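Enquirer: Those sequence lines, one after another, are chains F and S. What the first sequence shows, in this note's numbering, is residues 13 to 116, in sequence order. What the second sequence shows, in this note's numbering, is residues 0 to 143, in sequence order. Even for Gly, the Cβ is constructed at its ideal location relative to N, Cα and C. Please read these numbers as outputs of a predicted model, since none were measured by experiment. Shown below is the structure under consideration.
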Amino acid sequence: MVAFNFEEASQTLFCLFDGRMDTVNSKIATERFNAKLSEFKGNAEKLRIVIDLGTVDYVASEFLRFSLSAAKCVQKGNFSIVNTDPQVLKVFIIAGLASILKVS
Amino acid sequence: MGNNQGQTIASIKLSADLKNLERLTSFVAQYARERGIPGERDVDIQIAVEEAFVNICSYAYVGERGEVEVNCSSNGDSLVIEIIDSGVPFDITILEDPDVTADIIERKVGGLGGLLIRKLMDSAVYRREGNKNILRLIVRQHRS
């Protein structure tokens, strides 16, 4: 569902999501993300977060909420979402989040 | 699955519980696929139905258990999906859209489910009949 990889040199937390990010799975993924993020307590200012959706083909609004909340945890510009397929990108565009969350 | 005036109708009734989400979206996806709805529109339908169902699970039945009934029918190149619950009156179609131009700091995290329903469907109409909320979604196979 979600795997984490922290790159020390760039202080980047890569979050690799997998599968269908419906409401149920997004809630579980949010809990796992929050647990992971707690490891960086105190260092969140420098942290960069990259959400990789390369193998995700479905997102519901719960995942949009997660994405927005996650982006608010780090400094502006230090959050991005990559490898979105066209259907997933469409949902972010409709929600008006594609630009501010740097979705590509 | 039944037949009414040439329309093939399929219905499902579930308890309003998130554990039934996958069962419901699989049901509408299968119905859409069997009617030749293209993959992209199939996903649009699943998202819209999911958002409506999740809203019912979260808010319709305060402190009690309830059910959700979903009826699918097809009419020409359109699919009609009615989502029915007996919870408190609630019209998701008139919720105020979040400010999609707001900066990330000011951007609120709620209100996106209703927005997705309205934007992904060709039509989303709510009505109250007796003690029932009925959300009628219409999706055409191909958007003009």
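#1: Which residue comes first and which comes last in the alpha helix (DSSP H) that contains Ser50/S?
#2: Looking at chain F, is there any beta carbon in it that lies within less than 9 angstroms of the beta carbon of Glu49/S?
#3: Which residues in the same chain as Ala47/S place their Cβ atom closer than 7 angstroms to its Cβ, once the five residues preceding and following it in sequence are excluded?
#4: CB-CB under 6 angstroms to Val69/S, same chain, minus the five flanking residues each way: which ones, in chain order?
#5: Go to Ile93/S, then tell me how far its alpha helix (DSSP H) extends in each direction, as first and last residue.
#6: To the nearest whole angstrom, what separates the beta carbons of Phe45/F and Ala82/F, a pair I think is in contact under 8 angstroms?
#7: Name, please, each residue of chain F whose Cβ falls closer than 8 angstroms to the Cβ of Leu20/S.
#8: Which chain F residues are close to Arg139/S, counting only those with a beta carbon under 7 angstroms from its beta carbon?
#9: Is it the case that the segment 21-32 of chain F contacts the segment 58-77 of chain F, given that we only count it when at least three CB pairs across the two stretches are under 8 angstroms?
#10: Run down chain F in chain order and give the residues with a C-beta less than 8 angstroms from the C-beta of Thr100/S.
#11: Does DSSP put Gly35/S in a helix, a strand or coil?
#12: Taking Cβ-Cβ distances shorter than 8 angstroms, what residues in chain S pair up with Gln87/F?
#13: Please check if any C-beta of chain S sits within less than 9 angstroms of the C-beta of Asp69/F.
#14: Does Ala72/F come within less than 9 angstroms of chain S when only Cβ atoms are used?
#15: Can you give the Cα-Cα distance for Arg32/S and Gly38/S, rounded to whole angstroms?
#16: For Ala124/F, which of helix, strand or coil comes out of DSSP?
#17: Kindly indicate which three-state DSSP category Glu19/F falls into: helix, strand or coil?
#18: Give me, in chain order, the residues of the same chain whose beta-carbon lies closer than 7 angstroms to that of Ala110/F; leave out the 5 immediate sequence neighbours on both sides.
#19: Using only the alpha-carbon positions, how far apart do Ser57/S and Glu95/S sit?
Expert: Checking against the coordinates, here is how it stands:
#1: Start at 1 with the first residue of the second sequence, and residue 50/S comes out as number 51. It should be pointed out that residue 50/S corresponds to Glu in this sequence rather than to Ser. Annotation: the continuous alpha helix (DSSP H) that includes Glu50/S extends over Gly38 to Asn54.
#2: Along the second sequence, one-based indexing puts residue 49/S at 50. With 9 angstroms as the cut-off, Glu49/S counts as an interface residue toward chain F.
#3: Counting from 1 along the second sequence, the entry for residue 47/S is found at position 48. These residues qualify, in order along the chain: Leu115, Ile116, Leu119, Met120 and Leu136.
#4: On the second sequence, position 70 is the one that residue 69/S refers to. Annotation for Val69/S: Ile11 and Ile82 place their beta carbon closer than 6 angstroms to its own, counting only its chain and skipping 5 residues before and after.
#5: On the second sequence, position 94 is the one that residue 93/S refers to. Premise fails: Ile93/S is in no alpha helix (DSSP H) and is neither H nor E.
#6: The count along the first sequence starts at 1 and reaches residue 45/F at position 33. The count along the first sequence starts at 1 and reaches residue 82/F at position 70. Between Phe45/F and Ala82/F, the beta carbon gap of about 6 angstroms places them in contact (Cβ cut-off 8 angstroms).
#7: As a first step, residue 20/S must be located in the second sequence, where it is residue number 21. Neighbours of Leu20/S across chain F, judged by C-beta separation under 8 angstroms: Asp34, Thr35 and Val36.
#8: Reading the second sequence from its first residue, position 140 is the one you call residue 139/S. Correct list: empty, because the minimum Cβ distance to chain F is about 16 angstroms.
#9: When Cβ pairs closer than 8 angstroms are counted between the two stretches, the segment 58-77 of chain F is seen to touch the segment 21-32 of chain F, the count reaching three or more.
#10: One-based indexing of the second sequence puts residue 100/S at position 101. Those within 8 angstroms of Thr100/S in chain F are Gly108.
#11: Here residue 35/S corresponds to residue number 36 of the second sequence, with the count starting at 1. Coil.
#12: Counting from one through the first sequence, the residue named residue 87/F turns up at place 75. For Gln87/F, there are no neighbours in chain S by C-beta distance under 8 angstroms, as the nearest C-beta there is about 10 angstroms away.
#13: Position 57 of the first sequence holds residue 69/F. At least one chain S Cβ lies under 9 angstroms of Asp69/F.
#14: Reading the first sequence from its first residue, position 60 is the one you call residue 72/F. Closer than 9 angstroms to some Cβ of chain S, the Cβ of Ala72/F qualifies, so yes.
#15: For this step, residue 32/S is matched to residue 33 along the second sequence. For this step, residue 38/S is matched to residue 39 along the second sequence. Answer to the nearest angstrom: the Cα atoms are 8 angstroms apart.
#16: Any question about residue 124/F goes unanswered here, given that chain F covers just 13 to 116.
#17: As a first step, residue 19/F must be located in the first sequence, where it is residue number 7. Three-state result, Glu19/F: strand.
#18: Numbered from its first residue, the first sequence carries residue 110/F at position 98. If the five residues before and after Ala110/F are omitted, its C-beta is found closer than 7 angstroms to the C-beta atoms of Leu101 and Phe104, all from its own chain and listed in chain order.
#19: Along the second sequence, read from residue 1 onward, the residue named residue 57/S stands at position 58. Along the second sequence, read from residue 1 onward, the residue named residue 95/S stands at position 96. Taking the straight line joining both Cα atoms gives about 18 angstroms.
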